[in-house]
Structure formats: structure tokens, C-alpha cells
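Since the structure comes first, as C-alpha cells, the remarks are kept for the end.
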Amino acid sequence: MKHINDVIASARHIFGDVNGGRPQNHIRRADPYGAGQILISTLRLSFIPCVFCIFFCFLLSGCGKVGVLPADNDGGVSGQEDRGKITIGLSQIGSESDWRMASTASVTAAFSSSAGYDLIFDDAQQKQENQLKAIREFIDQGVDYIVLDPVVESGWDSVLSEAKEAGIPVVVYDRRIEVEDDSLYACWIGSDFKLEGERACVWLSEYLESKGVSRNINIADIQGTIGASAQIGRTAALEEAVMLNKNWRIIAQDSGDFTTAKGKEVMTAMLEKYGSDINVVYAENDNMAYGAIEALEARGYKAGVDIDNGEFLVVSFDATHTGLQMTLDGKIAVNTECNPLYGPRLTEIIETLEAGGDVEKETYIEEEQFSGISYIGTIQVRNRPYTVTPLTEDLLSNRKY
Ligand code: AHR
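Shown next as C-alpha cells:
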């Protein structure tokens, strides 16, 4: 005797999955296609019991041959055959940095077909207009969830209202959004970018103090994409630190859009104007740090920590493999992590929502900080100690991205 769930699963297997095997609350679109869509949805609801009745009669009559369910009907994880695929519309910012590539690899691997997902992936090439267009297409396609990494914080109210009206939950990750009504998204998970910046600045202040440097420190800030949470938080932290450290000043500030090429271009322009007056380069991500270091070296300058002897102290963020290699080589003084491995975190959220569970509205992820200078082992930020991990070859060889 087959367990009822097996019978139901067999029915789905033989008759096809009339509702994708998904709970009925997933038939929840407002009617983006007009009344026809609602009609189809209603027909589907009444079609399900009919299908099962026919199937049971078929079994009782002895004519039915209950097929043996394939052990793994889509190469998926156990239980996936019960619910059909979950369709995810994922709007990714672009491919501007090593961090971004690692993040894309993580999320696309997690939302795999074998894990029970149909992933519709869109690369917005760093343009919000492309993200808005992609989200509207996801709504039209009737995806089950929209997963969004927003290029900038503002400008999402209308499109997310449309998603809400269509009954599609939106999960935001990495960068944040600013919306009037926070019911427009299910939850956000990401970095505390301001904290990252504060940790970088406290490290810098500790380092300068340890070297007894009390003269004026001129800082060049190569910012990320203006309006992005990662830029807003990291820039704000630096500006606050400049207020606290009376001998610090920002003498140049411009956006390098988180890319190596723009980072190099901006650094070149800053060097033309200020040359060796610059002591510290605060690059708001690793790729812009690579670009800045290329620009420095092209002009015969050196990236290092000996600012009294004309070296440019480079502060960076992300802690990608190349960024950490440069940190180990002494070209980047301190590298504060921004962790890109969101795949498993996002699938956990989707699975919880799917099971009808509650998710935290906002979750900050824990991040690390690395330096080639080992004597600053701990720093105090927001009244809490944070470890600065001394970088080693071993640590680097085990780094995933
Ligand atoms: O949003 C995360 C930031 O965006 C990373 O620091 C950066 O490298 C990326 O492009």
C-alpha cells in the first residue's frame, strides 16, 4: 500500500503538475494579463481535486498502473518532486568587480535546477533603469519570488508596489533600498557598510598612532557608485572619522564606480592635481584599489605603509582573493571584508518563506578584516572589539573568492 503522499506524488508525476505542486497561495497574481489570468487560476483550483478523483478511480478500477517515481526526478534534493520548481527572478547589479562575480557565482549555484529552482537571471550592467525593466518583466512572467541586489538605494517605490500588487515577495540582499513603505519587500540581508568604513578608519587611526604620526594626513577618497549603500556607508564613515581626527582631511573625492578602469582614471586625475601631497588612498572597493595602485605605479609612486617616506597608504574593502594578495604583498595596508557569498543565505530565506515561516526583516552579516601588519590585533569600534586577522599565505590559499 502506498502512502497517500506517494499516491499524490504519483498523480502529479503521471498527470503533470497542474499547479506546479505549489501551495495555492502561489496563484496570487493580481491579473497582469487581464481577466483571463484570473479565470485560468480559478480553473486550476477546481482542476486539482478533479485530477485526483479521476486518479483514485483509475487506481481502484485496477486499470491504473502506478508508475514508480524516479528516485530523483530532476536530479533534485529529496522532496523537491513534491512541490515543483520555484521560479526566481534575480536582478543582479552587473559585473563591475571581482566581488560581484563571486556573488553571482554564489547565487546562481544556490538557485540551481537540482536544488528545485528555475532561475531567471538579469545582469543590469550597473543601471537602475535596467533593474526596473527586469523587475517588471519578472512580474509579467509571474515568477514566485523576486530577488534584488539594488544598484542604488532610492527609486524603488513604484516598481516594488507593482510587485506587491502582483503578490510577489521581494527579497533584497547586499545593498539596501530606501522605500516609504517597508511592506514593499519581505526582507533584506546584507553588509553594514558604515561599520566596514568605521573599522577601516579606526585601523588607520591606530596605525598612525602606533607610528607616532601627528602631522596632517591628506586623504584621497575613491568612492563607489554614488547612491549605492556600499558608497554611502563607507564614505560616511570616512567623513565622520575626518571630523574626529583633527589632522585628517579629504583633499580629493570622486567616484570610480567600483571598477578597476574608473579607479585608475580617478586616481590618475587626483595624482595630476595633488601628486605626492596625498598620503592615504581610501578606495571603496578592491577593484578601485587595483586601479589606483596601477595609476600610482605608472607614475613611479609606491603603495605601502611608510607614509613618512612618501609611500601611499591604501585602504580597501571586499577582501577578494586578489585584494588579499595585494594586502599580503604590502600594497594594501588594510582590507575590510564585504562577504559576497549570498547563495546559501538567500535559499534559506526563500525556503523559510515557502514553508510559510517568518524571516527577520533586516539581517546584517558578520564580516572580517585583514592586514599584513600583525601587531594591530584588535580594534574597538562602537564599543565592541573587532579582530584584525593577520594575513598569511595559508589563509590566502584557502580563500574561496
Ligand atoms: O555592494 C557590494 C559592493 O559592490 C562591493 O564592495 C563592490 O566590490 C561591489 O561592486
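The numbers in this note's numbering rise by one with no breaks, and the one at position 67 of the sequence shown is 79. Even for Gly, the Cβ is constructed at its ideal location relative to N, Cα and C.
Apart from the five residues on each side of it in sequence, which residues of its chain come closer than 7 Å, Cβ to Cβ, to L55?
-> Translated into the one-based positions of the sequence shown, residue 55 becomes position 43. In this prediction, L55 scores a pLDDT of 28, lower than 50, which makes its location untrustworthy; the coordinate-derived value is nonetheless stated afterwards. Answer for L55: no residue qualifies.
Apart from the five residues just before and just after G167, which ones in its own chain have a Cβ nearer than 7 Å to its Cβ?
-> As a first step, residue 167 is located in the sequence shown; it is residue number 155 there, counting from the start. Cβ within range, chain order: Q140.
Can you name the start and end residues of the beta strand (DSSP E) that P397 belongs to?
-> On the sequence shown, position 385 is the one that residue 397 refers to. From DSSP, the beta strand (DSSP E) with P397 extends over R396 to T399.
Host beta strand (DSSP E) of N347 (start-end) | Taking the sequence shown and counting its residues from 1, one reaches residue 347 at position 335. Per DSSP, N347 belongs to the beta strand (DSSP E) from V346 to E349.
Enumerate in chain order the residues of its own chain whose CB-to-CB distance from Q235 is below 8 Å, with the five nearest sequence positions on each side excluded.
-> Here residue 235 is taken as the residue at index 223 of the sequence shown, counted from 1. Correct list, in chain order: Q243, R246, T247, Q265, D266, S267, G268 and E296.
Taking the beta strand (DSSP E) that A295 falls in, what are its first and last residues?
-> Numbered from its first residue, the sequence shown carries residue 295 at position 283. Counting along the chain, the beta strand (DSSP E) containing A295 begins and ends at V292 to A295.
Please determine, among D330, F150, T404 and I263, the residue with the shortest C-alpha to C-alpha distance to D186.
-> Numbered from its first residue, the sequence shown carries residue 186 at position 174. If we check each option's Cα against that of D186, D330 comes out closest.
Quick one: using the 10 Å Cβ neighbour count with 16 as the cut-off for buried, is K343 buried or exposed?
-> As a first step, residue 343 must be located in the sequence shown, where it is residue number 331. Only buried fits K343, as 16 or more other CB atoms lie within 10 angstroms of its CB.
Within 7 Å: the Cβ of C350 and any heavy atom of the ligand AHR?
-> Here residue 350 is taken as the residue at index 338 of the sequence shown, counted from 1. Answer for C350: yes, Cβ within range of the ligand AHR.
Beta-carbon proximity list for I105, same chain, < 7 Å, skipping 5 on both sides = For the purposes of this step, residue 105 is taken as the residue at position 93 of the sequence shown. If we look at I105 and ignore the five residues flanking it on each side, its Cβ neighbours are R112, A136, Q138, D161 and V163.
Note down the Cα distance separating V292 from L325, rounded to an integer number of angstroms.
-> Within the sequence shown, numbered from 1, the residue matching residue 292 stands at position 280. Within the sequence shown, numbered from 1, the residue matching residue 325 stands at position 313. Going by C-alpha positions, V292 is about 5 Å away from L325.
Alpha-carbon to alpha-carbon, E252 and V214 = In the sequence shown, counting from the first residue as 1, residue 214 sits at position 202. In the sequence shown, counting from the first residue as 1, residue 252 sits at position 240. Whole-angstrom Cα-Cα distance: 11 Å.
Among all the DSSP beta bridges, which residues are the ones paired with I238?
-> Numbered from its first residue, the sequence shown carries residue 238 at position 226. In the DSSP secondary-structure assignment, I238 is not bridged to any residue.
Cβ neighbour criterion (16 or more within 10 Å) applied to L256 | Here residue 256 corresponds to residue number 244 of the sequence shown, with the count starting at 1. Taking a 10 Å sphere around the C-beta of L256, we find fewer than 16 other C-beta atoms and assign the residue as exposed.
For G384, I'd like the list of residues in its chain whose CB is within less than 6 Å of its CB, leaving aside the five on either flank, ordered along the chain.
-> Taking the first residue of the sequence shown as 1, we reach residue 384 at position 372. The answer, listed in chain order, is T339, L340, G342 and L403.
Quickly, what does DSSP pair G101 with across the bridge? List them, please.
-> As a first step, residue 101 must be located in the sequence shown, where it is residue number 89. Residue pairing for G101: DSSP places it in a beta bridge opposite I132 and I158.
Does the separation of the CB atoms of I132 and I100 fall below 8 Å?
-> Position 120 of the sequence shown, counted from the first residue, corresponds to residue 132. Position 88 of the sequence shown, counted from the first residue, corresponds to residue 100. Yes, Cβ-Cβ distance for I132 and I100 is below 8 Å.
Relative to the ligand AHR, is the shortest distance from any of its heavy atoms to the C-beta of A117 smaller than 7 Å?
-> By one-based count along the sequence shown, residue 117 stands at place 105. False, no ligand heavy atom lies under 7 Å from that Cβ.
If you measure from the CB of W111, is any heavy atom of the ligand AHR nearer than 7 Å?
-> To locate residue 111, count along the sequence shown from 1; it is residue 99. When distances are taken from the beta-carbon of W111 to the heavy atoms of the ligand AHR, the shortest one is below 7 Å.
Let me know if R188 comes out buried or exposed under the rule of 16 or more other beta-carbons within 10 Å of its beta-carbon.
-> Numbered from its first residue, the sequence shown carries residue 188 at position 176. Counting the other Cβ atoms within 10 Å of the Cβ of R188 gives 16 or more, which makes it buried.
What residues in its chain sit with their C-beta under 6 Å from that of N355, if we drop five residues either side in the sequence?
-> As a position in the sequence shown, residue 355 is number 343, starting the count at 1. Here residue 355 turns out to be Gly, not Asn, going by the sequence shown. Excluding residues within five positions, the ones whose Cβ falls inside 6 Å are S118, V119, A121 and A122.
Identity of the residue in C199, N228, R95 and M279 nearest E372 by Cα = Position 360 of the sequence shown, counting from 1, holds the residue named residue 372. Cα-wise, what sits closest to E372 is C199.
Between the Cα of N395 and those of E210, P181, R311 and F150, spot the shortest distance and give me the residue it belongs to.
-> Position 383 of the sequence shown, counting from 1, holds the residue named residue 395. Looking only at E210, P181, R311 and F150, the smallest Cα-Cα distance to N395 is reached by E210.
Whole angstroms is fine: what's the gap from D169's alpha carbon to R227's?
-> Reading the sequence shown from its first residue, position 157 is the one you call residue 169. Reading the sequence shown from its first residue, position 215 is the one you call residue 227. Rounded to whole angstroms, D169 to R227 spans 47 Å at the Cα level.
On the three-state DSSP scale, how would you describe V317?
-> Position 305 of the sequence shown holds residue 317. For V317, the three-state secondary structure derived from DSSP is coil.
Opposing strand residues paired with R261 [DSSP bridges] | Here residue 261 is taken as the residue at index 249 of the sequence shown, counted from 1. R261 has N230 as its beta-bridge partners, per DSSP.
Taking C-alpha atoms, which residue in I388, E366, G128 and Y157 lies nearest to L220?
-> What you label residue 220 is simply residue 208 of the sequence shown in a count that begins at 1. Ranking I388, E366, G128 and Y157 by Cα distance to L220 puts I388 first.
With contact counted as at least three CB pairs below 8 Å, one residue from each stretch, are the region 362-378 and the region 293-312 in contact?
-> These segments do not touch.
Apply the 10 Å Cβ neighbour rule to I391 and answer buried if 16 or more other Cβ atoms are within range, or exposed otherwise.
-> Here the question's residue 391 lines up with position 379 in the sequence shown. Answer is buried; the Cβ neighbour count reaches 16.
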